[in-house]
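The structure appears below as structure tokens.
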Amino acid sequence: MSYTALYRKFRPQDFEDVKGQDHIVTALKNQVKANRLGHAYLFTGTRGTGKTTVAKILAKAVNCEHPVDGSPCNECETCKRIAEGSSMNVFEIDAASNNSVSNIRDIVEEVAYSPTEGKYKVYIIDEVHMLSASAFAALLKTLEEPPAYVIFILATTEVHMIPITILSRCQRYDFRRISIDTIAGRLQELMVKENISVEDKAFRYVAKAADGSMRDALSLLDQCIAFYLGENLTYDKVLQVLGAVDNEIFSQLLRHVLQHDVTGAIGVLEEMVVQGRDLNQFVIEFTWYMRNLMLVKSDTNMEDVLEVSSEHMALLKEEAAMVGDETLMRYVRIFSELSNQIRQSSQKRVLIEIALIKLCRPQMEQDYEAIVDRLDVVEHKIEEGVPVMVQQASAGTVNPGLSGAGASAVQKKDLPDAMPEEVQKLCREWKQIVSGSSGLLRQALLSAYPTVNEQNQLMLVYDEPLGAKSINSSILASEDTMADLEAMVEEAIGKHVPIVVKVNTSGAASSQLYTNAVDYFAKVANIEIEEEDF
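For the sequence shown, my numbering gives the first residue as 715, with consecutive numbering after it.
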């Protein structure tokens, strides 16, 4: 005999075997016992929660020759025929492929004939929301007043697509997502029957991955068992089969992000790609990991809500104290947007890498949450005594935030003076260094010729006069601007460099004169250089 999938092999055959839907099972059993059956039922809920299964059990129960406490006996001929799918009184119709008016008209014609065996003719219409508008209209009258021996059971995952005229004629039962504990308990019960050894932690992970669906849980477990056939199924083996990522990896990734370590974060992603992890699942689970952090930050008593181990809870509490609320909300927002983008993308890894860079580099975004994150970074640097460079926000703005004096005030330790060769290297790399500025300040700095004088000062030489009407003069005349400029240079080379501004009045281009700092004073001493007096 060929192998039967677990979800088919262990499909419940009576109401007692249905798990997680006690509110529905109790109501239906009472109706069968009291013979107070409705003529139309609507079963709605997410996939794998038992809608079609309960519909078949109800069809057996209403036709069973010897019902037991409202459940079918599964022993009589009628129950066996229905279970085999050979009964002439139970019709299961897939509305996804039979959604036209003609299909519904066939049903309307058939209901006119009484059942050949048993008490009721039961029509189970699965995915009923797929019926066309005209098909719903054709079904409406029969659904409202069917013969006494006819019961309609409609099943759907998209109840909002059902016309209100259909809804008002049915008894509606909402199937809930099945809890992790219930699914894990059912899996454990079935594996005892199958004589297969599975670790408890593996049961819970499969139950969590099933997302409230018993059928999905059995399918995932079936897949894991097939991969490690004949072996003890452990938690680590389940992770390998399902392409999932352990919480330790998420913790490692989050700590790289909090340290603004782009290389480390990309390295963690590279490791997961090499191991063949599913990137879609990674995005979803990392988003949930950060969601758990938000819950822990909101209330420390979250053990029952999160359903995690004590070790994992201790790790979540530790990391929750390391990140601010606004920063964590920004992380969740970025990955939530990523989960929508990545589904149909052929470049999943690239999108994830961009998202990780955004997490590590809040300056890439200009929204409120990113600004708060950037301020947190600055405060952290100040606490550690790291010099902070003040950047301009827009053209023509000399001091967007801190003044030059304020920028230098945040330095908690003095920097050593630069050596002559270091200042000369600074001159050679001047364009790259000033590229961090913006607007008119950047233009003013690029128009200067950088060199070094006898006092080992960085000398910015201008070929054009810096008069009162000069734009460069108005920018460089500010003490705050010069202080900011010194801070920018110090951050670039890690040394203190005095800066002076000179004007070349010789008539020759500065680039032709100052080829070497020492050569100028030795060989071109007759050229007049004047310092601007601001």
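Don't be surprised by glycine CBs; every beta carbon is placed ideally from N, CA and C.
- Nearest to D925 (by Cα), restricted to the options L1042, T760, R725, L1155: Within the sequence shown, residue 925 is the residue found at index 211, counting from 1. Looking at the Cα atoms, T760 is the closest of the given residues.
- Helix or strand or just coil, what does DSSP make of T718? Within the sequence shown, numbered from 1, the residue matching residue 718 stands at position 4. Reduced to three states, the DSSP call for T718 is coil.
- Decide if S785 is buried, meaning its Cβ has at least 16 other Cβ atoms within 10 Å, or exposed. As a first step, residue 785 must be located in the sequence shown, where it is residue number 71. Its Cβ being crowded by 16 or more others within 10 Å, S785 is buried.
- With 8 angstroms set as the bound, which would you pick, yes or no: does the beta-carbon of M802 sit closer than that to a beta-carbon of chain B? Chain labels in this structure do not include chain B; a single protein chain is all it has.
- CA-to-CA distance, K733 to A916, given in whole angstroms: Start at 1 with the first residue of the sequence shown, and residue 916 comes out as number 202. Start at 1 with the first residue of the sequence shown, and residue 733 comes out as number 19. As the crow flies, the alpha-carbon of A916 is around 20 angstroms from that of K733.
- Would you say the stretch 738-747 touches the stretch 796-813, given that touching needs at least three Cβ pairs under 8 angstroms? Because the criterion of three Cβ pairs below 8 angstroms is not met, the stretch 738-747 and the stretch 796-813 do not touch.
- Query: Who are the Cβ neighbours of V912 in its own chain at under 7 angstroms, not counting the five residues just before and after it?
  - Reply: Here the question's residue 912 lines up with position 198 in the sequence shown. Closer than 7 angstroms at the Cβ level, and outside the excluded window around V912, lie M905, L947.
- Task: Check F889 in the structure and name its three-state DSSP category.
- Result: Here residue 889 refers to the residue found at position 175 of the sequence shown. In the structure shown, F889 sits in a strand (DSSP, three-state: E or B).
- Query: In this structure, does DSSP put K723 in helix, strand or coil?
  - Reply: Here residue 723 corresponds to residue number 9 of the sequence shown, with the count starting at 1. K723 carries a helical assignment under DSSP once its states are collapsed to helix, strand and coil.
- Confirm, please, whether the CB-CB distance from A852 to V822 is below 8 angstroms. One-based indexing of the sequence shown puts residue 822 at position 108. One-based indexing of the sequence shown puts residue 852 at position 138. With contacts defined as CB atoms closer than 8 angstroms, V822 and A852 qualify as a contacting pair.
- Message: Counting beta carbon pairs with one atom in the stretch 787-799 and one in the stretch 918-935, are three or more of them shorter than 8 angstroms?
- Response: no
- Do you know offhand how far S814's Cα is from D820's? Taking the sequence shown and counting its residues from 1, the one referred to as residue 814 is at position 100. Taking the sequence shown and counting its residues from 1, the one referred to as residue 820 is at position 106. C-alpha separation (whole angstroms): 10 angstroms.
- Message: Under 8 angstroms, with one C-beta from each stretch per pair, do the stretch 721-730 and the stretch 831-848 reach the 3-pair mark?
- Response: no
- Item | C-alpha distance - A809 paired with T758, whole-angstrom precision | Within the sequence shown, the letter at position 95 stands for residue 809. Within the sequence shown, the letter at position 44 stands for residue 758. Approximately 15 angstroms between the Cα atoms of the pair.
- Query: V1215 and V1137: beta carbons closer than 8 angstroms?
  - Reply: Translated into the one-based positions of the sequence shown, residue 1215 becomes position 501. Translated into the one-based positions of the sequence shown, residue 1137 becomes position 423. No, Cβ-Cβ distance for V1215 and V1137 is not below 8 angstroms.
- Task: Identify every residue that forms a DSSP beta bridge with E806.
- Result: On the sequence shown, position 92 is the one that residue 806 refers to. In DSSP, E806 forms a bridge with I838.
- Message: For a test of the three-state rule: what should DSSP assign to S785, helix, strand or coil?
- Response: Residue mapping note: residue 785 aligns to position 71 of the sequence shown, counting from 1. Looking at S785 - three-state DSSP - the assignment turns out to be strand.
- Through-space distance from L932 to L1029, alpha-carbon basis: Indexing the sequence shown from 1 puts residue 1029 at position 315. Indexing the sequence shown from 1 puts residue 932 at position 218. If I take the Cα positions, the gap works out to 30 angstroms.
- Query: When you compare each of S828, I867, Y863 to V842 by their alpha carbons, which one comes out closest?
  - Reply: Along the sequence shown, read from residue 1 onward, the residue named residue 842 stands at position 128. Ranking the options by Cα distance to V842, first place goes to I867.
- Query: If you run the structure through DSSP and keep just helix, strand and coil, what is P860?
  - Reply: To locate residue 860, count along the sequence shown from 1; it is residue 146. When DSSP states are grouped into helix, strand and coil, P860 belongs to the coil group.
- Check whether the Cβ atoms of M1004 and F1049 sit closer than 8 angstroms, and answer yes or no. Taking the first residue of the sequence shown as position 1, residue 1004 is located at position 290. Taking the first residue of the sequence shown as position 1, residue 1049 is located at position 335. Yes; because the gap between Cβ atoms is below 8 angstroms, this pair is in contact.
- Nearest CA to the CA of Y1176: which residue from V1217, S846, P1164? Counting from 1 along the sequence shown, the entry for residue 1176 is found at position 462. Comparing Cα-Cα distances from Y1176 to each of V1217, S846, P1164, the minimum goes to V1217.
- Item | Cutoff 6 angstroms; reference I1253; Cβ partners in own chain excluding five residues on either side | Outside the displayed range of the chain (715 to 1248) lies residue 1253, so it cannot be described from this structure.
- Item | Cutoff 7 angstroms; reference S848; Cβ partners in own chain excluding five residues on either side | For the purposes of this step, residue 848 is identified with residue 134 of the sequence shown, where counting begins at 1. V815, listed in sequence order.
- Other residues of its chain near G1262: CB distance less than 6 angstroms, five sequence neighbours each side excluded: Given that the chain is displayed from residue 715 to residue 1248, the structure contains no residue 1262 and the question cannot be resolved.
- Item | Touching by the beta-carbon criterion (3+ pairs, under 8 angstroms), the stretch 959-977 and the stretch 933-942 | no
- Message: Need the endpoints of the beta strand (DSSP E) that T758 sits in, please.
- Response: Residue mapping note: residue 758 aligns to position 44 of the sequence shown, counting from 1. From DSSP, the beta strand (DSSP E) with T758 extends over 754-759.
- Message: Assess contact between the stretch 897-904 and the stretch 861-881, defined as three or more Cβ pairs (one per stretch) separated by less than 8 angstroms. Is contact present?
- Response: no
- Query: Are the beta-carbon atoms belonging to L756 and L881 less than 8 angstroms from one another?
  - Reply: The residue labelled residue 756 in the question sits at position 42 within the sequence shown. The residue labelled residue 881 in the question sits at position 167 within the sequence shown. Yes, they are a contact pair.
- Message: For N1006, which residues in the same chain have their Cβ closer than 7 angstroms to its Cβ, ignoring the five residues on either side in sequence?
- Response: Locating residue 1006 in the sequence shown gives position 292, where the first residue counts as 1. Excluding sequence neighbours, N1006 sits near L1020, L1030.
- Exposure of I894, with buried meaning 16 or more beta-carbon neighbours within 10 Å: The count along the sequence shown starts at 1 and reaches residue 894 at position 180. The residue is buried, with at least 16 neighbouring Cβ atoms inside 10 Å.
- Task: Measure the CB-CB distance between I1066 and L1052 and report whether it falls below 8 angstroms.
- Result: Stepping through the sequence shown from its first residue, residue 1066 is reached at position 352. Stepping through the sequence shown from its first residue, residue 1052 is reached at position 338. Yes, they are a contact pair.
- Who are the near neighbours of A898 in its chain, counting only those whose CB is closer than 7 angstroms to its CB and skipping five residues on each side? As a position in the sequence shown, residue 898 is number 184, starting the count at 1. Contacts found: F917, R918, A921.
- Query: From which residue to which residue does the alpha helix (DSSP H) around P1134 run?
  - Reply: For the purposes of this step, residue 1134 is identified with residue 420 of the sequence shown, where counting begins at 1. Residues 1134-1142.
- Anyone know if the C-beta pair for G1208 and L1129 falls short of 8 angstroms? For the purposes of this step, residue 1208 is identified with residue 494 of the sequence shown, where counting begins at 1. For the purposes of this step, residue 1129 is identified with residue 415 of the sequence shown, where counting begins at 1. With a cutoff of 8 angstroms on beta-carbon distance, G1208 and L1129 are scored as near each other.
- Message: Whole angstroms are fine: how far does the CA of Q954 sit from the CA of G990?
- Response: To locate residue 990, count along the sequence shown from 1; it is residue 276. To locate residue 954, count along the sequence shown from 1; it is residue 240. G990 and Q954: Cα-Cα distance of roughly 9 angstroms.
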